[in-house]
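2 protein chains.
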Amino acid sequence: MLEQRKPIPVAEAVQRVMSKEITSKTEHIHIEDALGRTLAEDLTATHPVPPFDRSPYDGFAVRSADTVHASRENPLDLRVTETIGAGAVQSVPVLENEAARIMTGAMMPAECDAVVMLELTSEPEPGVMRIKRSFNKGDNISFKGEDAQEGTVLVEKGSVINPGTVALLATFGYETVRVASKPVVGVLATGSELLEVNEPLEPGKIRNSNALMAAAQIKRAGAEVKMLGKLTDDLEACYQSVKEALNEVDILITTGGVSVGDFDFLPEVYSRLGAEVLFNKVAMRPGSVTTVAHLNGQFLFGLSGNPSACYVGFELFTRPVIQRMLGNEKPHLPVEDAVLGADFTKPNPFTRFVRGTASIKHGRLEASPSGFNKSSAVSSLAATNCLIILPGGTRGFTAGDQVKVALLETAESSGMPW
Amino acid sequence: MLEQRKPIPVAEAVQRVMSKEITSKTEHIHIEDALGRTLAEDLTATHPVPPFDRSPYDGFAVRSADTVHASRENPLDLRVTETIGAGAVQSVPVLENEAARIMTGAMMPAECDAVVMLELTSEPEPGVMRIKRSFNKGDNISFKGEDAQEGTVLVEKGSVINPGTVALLATFGYETVRVASKPVVGVLATGSELLEVNEPLEPGKIRNSNALMAAAQIKRAGAEVKMLGKLTDDLEACYQSVKEALNEVDILITTGGVSVGDFDFLPEVYSRLGAEVLFNKVAMRPGSVTTVAHLNGQFLFGLSGNPSACYVGFELFTRPVIQRMLGNEKPHLPVEDAVLGADFTKPNPFTRFVRGTASIKHGRLEASPSGFNKSSAVSSLAATNCLIILPGGTRGFTAGDQVKVALLETAESSGMPW
């Protein structure tokens with residue numbers, strides 16, 4: 001008797017996964033390794049930025065009160081006390097009718113409240129500068145704290161560190177920064193038809209593309225990969241391999257072997273392990289056989305052996321778990337409105353995730369299928385940067401329709417979008 | 001006498017940089033390291049995909065001619081010759097009124113031309129399968145070459161390798177792949193006000209955020225970083241450091257020291273090196289002092305010492321050179337239409353590149369300033385994922401205006417967008 005599986009909606013499947021407790025580990029890393037990692041603590045301004053009033057230009061620091069009557073007709077000469085270079089501080093006070101030569105970024109002398117750009121001055125005699133207009137208090141000063149006040153949270157925990165974040169980490173002296181540890185995701189392939197990438201093609205066989213593809217998806221999602229090889233067509237050996245793998249990884253992905261065929265051992269392996277199967281059939285194309293099991297806080301993702309189905313299953317179910325482990329409060333693919341670029345006139349009872357290419361044209365997002373559209377397709381995946389979501393039902397879709405697309409190659413994420 | 005520099009338009013500045021010959025190197029890397037690298041050769045299908053006609057389901061391979069009269073009233077029994085597992089090939093021919101049990105992905109027996117899904121069959125006695133409808137030639141077969149024909153270029157040289165590309169590399173047996181070598185970009189900071197990230201703050205000084213920020217930008221752009229420390233305030237030492245640095249890197253970035261202040265030594269260093277200064281003033285805000293020089297095929301990018309100006313100068317001028325070295329025919333930031341989210345009522349004669357946050361809302365791109373907007377600003381850079389381009393002139397801009405934005409965190413690139 002063939003097992004009858006009951007498909008559940010995608011949103012419910014995702015919900016079942018994400019409702020499990022998902023914990024993060026953290027570690028300290030050097031700032032030079034921080035790009036792309038996820039902050040495990042708020043980045044707070046530990047001092048004002050700038051930390052002192054400073055000059056934004058090369059010029060002269062003046063006391064504005066001295067300049068009140070300066071004009072073209074009535075030029076004002078000020079005695080220059082010294083030159084304050086960037087990084088230096090004044091060594092003498094600036095008294096009435098005096099000015100200090102000051103460099104870009106240098107700290108203002110305490111007695112001065114305006115900066116005159118070098119271009120607006122002349123030097124009637126050595127040690128004297130001349131101006132021909134008045135200046136107001138505060139003219140051309142970068143004020144202490146104008147960029148950031150001490151104590152302000154500038155980047156929130158859970159954010160991915162970009163070059164701007166690195167600049168802030170450096171500004172505040174974070175030589176190391178606490179980030180979420182990368183979860184380790186193991187990849188086990190199943191399928192007697194699978195050759196390794198370095199083996200010559202044989203009749204009836206194909207090279208294993210899923211394991212390396214999944215490894216790349218894992219890295220793109222921010223986690224670390226552990227390649228665990230291939231399961232054999234022997235139930236006992238499969239069971240042992242999976243059990244051992246679980247000791248080495250935070251998350252285990254298998255590709256293939258989750259269907260109801262004679263050599264699909266994974267359902268039996270889950271049962272023997274005592275894992276809770278969260279679902280084994282999802283109302284989606286491709287990837288309806290995607291299975292997720294859970295055991296002692298660990299997830300086992302049984303992805304399809306079909307490349308496109310494997311790809312989609314990973315992005316919908318595995319990626320958000322990785323992202324949550326990285327501390328991302330919005331762990332899902334960002335889903336946006338887009339204009340559909342092709343017809344899908346045949347309705348499908350299941351929700352379709354069509355591998356697509358999205359681009360912004362004249363400010364609007366457009367998405368078209370990236371190529372051959374079967375669950376077994378591999379060629380279209382290279383051009384795929386989004387999944388076009390076509391809800392299941394009795395209607396087809398035509399080019400120009402407004403649809404939702406899940407974007408794969410942006411730095412953004414979303415909350416529960418399904 | 002203060003040097004008078006003539007600002008040139010951004011487009012012309014970019015043009016001067018990109019009109020220089022920019023050469024790439026290539027290397028072979030292992031497929032497991034390929035994610036994010038740039039293909040240095042076309043990825044061509046070396047065999048059809050699938051490589052043979054195969055079954056997309058678990059079921060039975062049949063000869064459709066045998067099934068012509070099969071119906072609910074007139075069920076057809078076929079003798080089962082054998083089970084063909086995935087990866088196996090038939091061992092006996094399938095003769096008239098025979099069928100072969102076949103697994104998902106297994107090669108079709110030569111005599112069969114349709115597959116019957118397991119669910120549509122019954123087993124009236126061991127070794128016999130029964131169907132109650134007819135099947136047509138070609139039903140449920142994944143045909144040889146339907147996904148990709150041999151010889152087709154599936155991914156073009158110059159493309160960034162994504163997980164789908166990795167799947168294709170694996171499919172066609174590329175254990176190693178030829179990619180563009182990452183250019184090595186050196187970073188030298190200037191400025192006596194600069195403390196290292198691990199030094200405590202001192203009056204008048206700030207920590208060096210530009211060098212580490214530029215390092216992160218270099219990595220994000222796909223290149224390798226060489227941190228070269230800090231130049232001193234001594235012309236001869238500066239000259240020696242820059243000269244030595246050029247032996248170690250493909251591209252040299254300096255931050256600060258390009259202005260016309262007393263301690264801005266880089267113009268003199270370029271002159272002593274005999275480097276051709278492509279420009280030293282650009283009609284843009286921030287970053288108008290950005291200087292680019294060229295010497296024996298090497299670029300020297302003199303970026304501003306102000307964080308925002310440094311950031312923008314890198315993305316406009318350095319990034320495309322790196323991308324071109326990586327073999328990208330479209331090396332520039334993608335520029336898209338967006339709706340402006342804030343007022344910029346004060347006109348500016350120079351083109352402004354406002355650090356902004358862009359997001360897609362209801363299918364349309366919107367962009368707002370990401371925070372404090374001065375060339376010295378650092379706090380806003382962490383939230384920056386685009387540069388909002390406000391052309392110079394006599395008019396201001398208001399929220400709701402259509403503007404162009406250059407996107408920083410997408411996998412896309414563009415041709416000359418300025």
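Those protein sequence lines, which keep their order, are chains F and R.
Residue 1 is where the first sequence starts when you use full-length UniProt numbering, and the numbers rise one by one after that.
Residue 1 is where the second sequence starts when you use full-length UniProt numbering, and the numbers rise one by one after that.
The beta-carbon is built from N, C-alpha and C at its ideal position, and this holds for glycine as well.
Given the structure is predicted, the values throughout are model-derived calculations rather than measurements.
- Message: By DSSP's criteria, R:Ala99 is part of a beta bridge. Which residues make up the other side?
- Response: Taking the second sequence and counting its residues from 1, the one referred to as residue 99 of chain R is at position 99. R:Ala99 pairs with R:Val80.
- Query: Excluding five sequence neighbours on each side, which residues of the same chain lie with their C-beta closer than 7 Å to the C-beta of R:Val249?
  - Reply: Position 249 of the second sequence, counted from the start, is the residue given in the question as residue 249 of chain R. Within the same chain, R:Val249 has close Cβ partners Val184, Val185, Gly186 and Lys226.
- Under the assumption that F:Ser379 contacts R:Asp147 (Cβ atoms under 8 Å), give the Cβ distance between them as a whole number of angstroms. Reading the first sequence from its first residue, position 379 is the one you call residue 379 of chain F. Reading the second sequence from its first residue, position 147 is the one you call residue 147 of chain R. Rounded, the Cβ-Cβ distance is 5 Å, consistent with contact.
- Contacts of F:Ala148 in chain R (Cβ-Cβ under 7 Å): On the first sequence, position 148 is the one that residue 148 of chain F refers to. Here the neighbours are Ser379.
- What number of angstroms, rounded off, separates the C-alpha of F:Met1 from the C-alpha of F:Glu315? Here residue 1 of chain F corresponds to residue number 1 of the first sequence, with the count starting at 1. Here residue 315 of chain F corresponds to residue number 315 of the first sequence, with the count starting at 1. Residue confidence is low: F:Met1 scores 44 on pLDDT, short of 50, so the model does not pin down where it sits. Its coordinate-derived value is still stated next. If I take the Cα positions, the gap works out to 33 Å.
- In chain R, which residues lie with their C-beta within 9 Å of the C-beta of F:Asn198? Stepping through the first sequence from its first residue, residue 198 of chain F is reached at position 198. Neighbours of F:Asn198 on chain R, chain order: Gly173 and Glu175.
- Query: Where does F:Val403 land, buried or exposed, given buried means 16+ other C-beta within 10 angstroms?
  - Reply: As a first step, residue 403 of chain F must be located in the first sequence, where it is residue number 403. Buried: at least 16 other Cβ atoms inside 10 Å.
- Message: By the DSSP assignment, the alpha helix (DSSP H) with F:Ala309 in it spans what residues?
- Response: Residue numbering aside, residue 309 of chain F sits at position 309 when the first sequence is read from its first letter. Per DSSP, F:Ala309 belongs to the alpha helix (DSSP H) from Pro307 to Gly313.
- Message: Quick check on the DSSP output: the alpha helix (DSSP H) that includes R:Ile322 runs from which residue to which?
- Response: Here residue 322 of chain R corresponds to residue number 322 of the second sequence, with the count starting at 1. Counting along the chain, the alpha helix (DSSP H) containing R:Ile322 begins and ends at Arg319 to Met325.
- Message: Looking at F:Ser330: is its Cβ nearer than 9 Å to the Cβ of F:Gly415?
- Response: As a working note, residue 330 of chain F is residue 330 in the first sequence. As a working note, residue 415 of chain F is residue 415 in the first sequence. For the sequence presented, residue 330 of chain F should be read as Lys rather than Ser. Cβ distance < 9 Å, so F:Lys330 and F:Gly415 count as in contact.
- Minimum Cβ-Cβ distance from F:His69 to chain R less than 9 Å: Indexing the first sequence from 1 puts residue 69 of chain F at position 69. False, the Cβ-Cβ gap to chain R never drops below 9 Å.
- Query: Which residues in the same chain as residue 431 of chain R place their Cβ atom closer than 8 Å to its Cβ, once the five residues preceding and following it in sequence are excluded?
  - Reply: This structure leaves residue 431 of chain R out entirely; chain R is present only between 1 and 418.
- Message: R:Ala275 and R:Leu300 - do their beta-carbons sit closer together than 9 Å?
- Response: As a first step, residue 300 of chain R must be located in the second sequence, where it is residue number 300. As a first step, residue 275 of chain R must be located in the second sequence, where it is residue number 275. Yes, these two residues count as a Cβ contact at 9 Å.
- Query: F:Lys365 and F:Asn385: beta carbons closer than 9 Å?
  - Reply: Here residue 365 of chain F refers to the residue found at position 365 of the first sequence. Here residue 385 of chain F refers to the residue found at position 385 of the first sequence. Correcting the residue identity first, residue 365 of chain F is Leu in this sequence and not Lys. Not in contact: F:Leu365 and F:Asn385 (Cβ atoms no closer than 9 Å).
- Query: Assuming R:Thr290 contacts R:Val277 under a Cβ cut-off of 8 Å, what Cβ separation, rounded to an integer in Å, is found between them?
  - Reply: Within the second sequence, numbered from 1, the residue matching residue 290 of chain R stands at position 290. Within the second sequence, numbered from 1, the residue matching residue 277 of chain R stands at position 277. With a Cβ gap of about 11 Å, R:Thr290 and R:Val277 do not count as contacting.
- Same chain only: Cβ atoms within 7 Å of F:Thr26, ignoring 5 sequence neighbours per side: Translated into the one-based positions of the first sequence, residue 26 of chain F becomes position 26. Around F:Thr26: Ala40, Arg178, Val179, Ala180 and Ser181.
- Since I believe R:Val321 is in contact with R:Ile22 (beta carbons under 8 Å), could you give me their beta-carbon distance rounded to a whole number of angstroms? As a position in the second sequence, residue 22 of chain R is number 22, starting the count at 1. As a position in the second sequence, residue 321 of chain R is number 321, starting the count at 1. Sure, about 6 Å apart at Cβ, within 8 Å.
- Message: With the cut-off set at 9 Å, would you say F:Thr398 and F:Leu340 are in Cβ contact?
- Response: Position 398 of the first sequence, counted from the first residue, corresponds to residue 398 of chain F. Position 340 of the first sequence, counted from the first residue, corresponds to residue 340 of chain F. Yes, the pair counts as a contact, with Cβ atoms nearer than the cut-off.
- Could you pull out every residue in the same chain whose Cβ sits closer than 6 Å to the Cβ of F:Ala223, ignoring the five residues on either side in sequence? Counted from its first residue, the first sequence places residue 223 of chain F at position 223. Cβ neighbours of F:Ala223 beyond the five flanking positions: Lys182, Pro183, Val185 and Ile322.
- Endpoints, the alpha helix (DSSP H) within which F:Leu333 is located: The residue you call residue 333 of chain F lines up with position 333 of the first sequence. Neither: F:Leu333 is in no alpha helix (DSSP H) and is coded neither H nor E.
- Query: Name the DSSP bridge partner or partners of R:Thr26?
  - Reply: Within the second sequence, numbered from 1, the residue matching residue 26 of chain R stands at position 26. R:Ala180, per the DSSP bridge assignment.
- Message: Need the endpoints of the alpha helix (DSSP H) that F:Leu300 sits in, please.
- Response: Reading the first sequence from its first residue, position 300 is the one you call residue 300 of chain F. Where F:Leu300 is concerned, there is no enclosing alpha helix (DSSP H), although the beta strand (DSSP E) it sits in stretches over Gln298 to Leu303.
- Query: DSSP three-state call for F:Pro267: helix, strand or coil?
  - Reply: By 1-based counting over the first sequence, the position of residue 267 of chain F is 267. Judged by DSSP in its simplified three-state form, F:Pro267 adopts helix.
- Alpha-carbon to alpha-carbon, R:Glu193 and F:Glu98: Translated into the one-based positions of the first sequence, residue 98 of chain F becomes position 98. Translated into the one-based positions of the second sequence, residue 193 of chain R becomes position 193. Straight-line Cα distance between these residues: approximately 24 Å.
- Bounding residues of the beta strand (DSSP E) (the contiguous stretch that carries F:Cys386): Residue 386 of chain F sits at position 386 when you count from the first residue of the first sequence. Cys386 to Leu390 is the extent of the beta strand (DSSP E) around F:Cys386.
- For F:Met117, which residues in chain R fall below 7 Å Cβ to Cβ? Locating residue 117 of chain F in the first sequence gives position 117, counting from the first residue. Going along chain R, no residue has its Cβ under 7 Å from F:Met117, so there is no contact; the nearest lies around 10 Å.
- Assign R:Ala65 to buried or exposed, taking buried as 16 or more other Cβ atoms, counted over all protein chains shown, within 10 Å of its Cβ. One-based indexing of the second sequence puts residue 65 of chain R at position 65. Residue environment: R:Ala65 is assigned as exposed (fewer than 16 neighbouring CB atoms within 10 Å of its CB, all protein chains considered).
- Task: Please list the partners that F:Phe299 has in chain R, where partner means a Cβ-to-Cβ separation under 7 Å.
- Result: For this step, residue 299 of chain F is matched to residue 299 along the first sequence. Listed along the chain, the chain R residues whose CB falls inside 7 Å of the CB of F:Phe299 amount to none; the nearest CB is some 19 Å away.
- Report yes if the CB atom of R:Ser209 is closer than 9 Å to the CB atom of R:Pro307, and no otherwise. Taking the second sequence and counting its residues from 1, one reaches residue 209 of chain R at position 209. Taking the second sequence and counting its residues from 1, one reaches residue 307 of chain R at position 307. The beta carbons of R:Ser209 and R:Pro307 sit closer together than 9 Å.
- Same chain, Cβ closer than 8 Å to F:Ser142, five either side skipped, listed in chain order: As a first step, residue 142 of chain F must be located in the first sequence, where it is residue number 142. Non-local C-beta neighbours of F:Ser142 in its own chain, meaning closer than 8 Å and more than five positions away in sequence, comprise Pro50, Asp53, Arg54, Ser55 and Pro56, ordered along the chain.
- Within 8 Å of chain R by C-beta, residues of the stretch 86 to 114 of chain F in sequence order: Ala86, Gly87, Ala88, Val89, Met103, Thr104, Gly105, Ala106 and Met107
- Assigned secondary structure, F:Ile253 (DSSP; H/G/I helix, E/B strand, else coil): Here residue 253 of chain F is taken as the residue at index 253 of the first sequence, counted from 1. It is a strand residue.
- Contact set between F:Pro7 and chain R, taken where Cβ atoms lie within less than 7 Å: Working through the first sequence from its first residue, we reach residue 7 of chain F at position 7. Chain R residues near F:Pro7: none, gap ~14 Å exceeds 7 Å.
- Going along the chain, which residues of the stretch 214 to 239 of chain F sit with their C-beta nearer than 7 Å to a C-beta in chain R? Under the 7 Å Cβ criterion, the stretch 214 to 239 of chain F contributes Ala215, Ala216, Gln217, Lys219 and Arg220.
- Query: So, is the C-beta of R:Glu412 closer than 9 Å to a C-beta in chain F?
  - Reply: Taking the first residue of the second sequence as 1, we reach residue 412 of chain R at position 412. Yes, R:Glu412 lies at the interface with chain F (some Cβ there is under 9 Å from its Cβ).
- Query: Is it buried or exposed for F:Asp264, if we count other Cβ within 10 angstroms and need 16 for buried?
  - Reply: As a position in the first sequence, residue 264 of chain F is number 264, starting the count at 1. Answer is buried; the Cβ neighbour count reaches 16.
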